[in-house]
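Under this note's numbering, the letters of the sequence shown match residues 905 to 1124, in that order.
Where a beta carbon is used, it is the ideal one built from N, C-alpha and C, also for glycine.
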Amino acid sequence: MSTPSAAATASSAQASGAARLLQRQLKEMHTSSDLSGISVGLAKESNVFEWEVILMINDDCKYYGGKFQHFLFQIIALDIDIKPRKIPRSGIANIQRNTGAYFRALMTFPPEYPHLPPKIVFQNPVPFHPNIYPNGELCISILHPPEEDKYGYESAAERWSPVQTPETILLSVLSLFNEPNDESPANLDAAKLLRAEREGGPKEFRKRVRKCVRESLGED
């Protein structure tokens, strides 16, 4: 039977291992040339467990696309805080190549990472999306704990696995903007409007999303 001090030592060692892994993964993402639309950095210099994420949605995204000229203008006019320590040079290039909505989020990793998943919470303006709670928290299968779903909606294979990385997670999030999932939604209103539009009903979902996109660009 382990003593409290032994358990604390094991927990500290686990957190240290997670910190080293996150530092390496952050560096890999900063040097990657294949992450169009994604920029990441530390929310606070001293805390590798909390990342600031910027997702830039391409213009060809059906619902969340935008206009390049407006986007670039707003970056200049609003003097958005793009600091080299947070957004690497490759990230600034991504901003100029992408043309849609501009969403910020916090990605928080537990000390048990990669055995347990991080949590992603979008900052204001929170995207109007079936898979994002109104408070900004993202709901996606790969970020659910690695256990059987007691409600039977997901298999264990669909949920978190330690093989996932921040890069694969954020690529999946970008895909979710291209293909919103209206099944078992986090935002019931968004799912209802999306489903109605897909069935030929009023384009209310599109209107709500466009408003959200304009807000993300500082136009509303």
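Sub-9 Å separation of residue i and residue j beta-carbons
i            : j            : result
residue 1018 : residue 1066 : yes
residue 1026 : residue 1004 : no
residue 967  : residue 1113 : yes
residue 945  : residue 962  : no
residue 1022 : residue 919  : no
residue 1080 : residue 1011 : no
residue 1108 : residue 1095 : no
Nearest to residue i (by Cα), restricted to the options the options
i            : options                : result
residue 1060 : 944, 964, 917, 1046    : 1046
residue 1028 : 1117, 918, 1068        : 1117
residue 1068 : 943, 1013, 946, 1009   : 1013
residue 1036 : 1078, 1016, 935, 948   : 1078
residue 1115 : 1070, 1075, 1044, 969  : 969
residue 934  : 1009, 1109, 1071, 1095 : 1071
residue 947  : 939, 1076, 1051, 1008  : 1008
Buried/exposed call for residue i, threshold 16 Cβ in 10 Å
i            : result
residue 924  : exposed
residue 916  : exposed
residue 1120 : buried
residue 1106 : exposed
residue 1063 : buried
residue 1086 : buried
residue 927  : exposed
residue 1084 : buried
residue 1038 : exposed
residue 936  : exposed
residue 950  : exposed
With a floor of 4 residues, list each alpha helix (DSSP H) that falls wholly inside the stretch 908 to 954, ordered by position along the chain. For the stretch 908 to 954, whole alpha helix (DSSP H) runs of length 4 or above, ordered along the chain, are 908 to 935.
Any chance the stretch 939 to 957 sits against the stretch 1084 to 1092, with 3 or more Cβ pairs inside 8 Å? Two segments are said to touch when three or more pairs of C-beta atoms, one from each, lie closer than 8 Å; by this definition the stretch 939 to 957 does not touch the stretch 1084 to 1092.
Whole alpha helix (DSSP H) runs in the stretch 1015 to 1084 with 4 or more residues, listed along the chain? With a minimum length of 4 residues, the continuous alpha helix (DSSP H) runs that stay inside the stretch 1015 to 1084 are 1070 to 1082.
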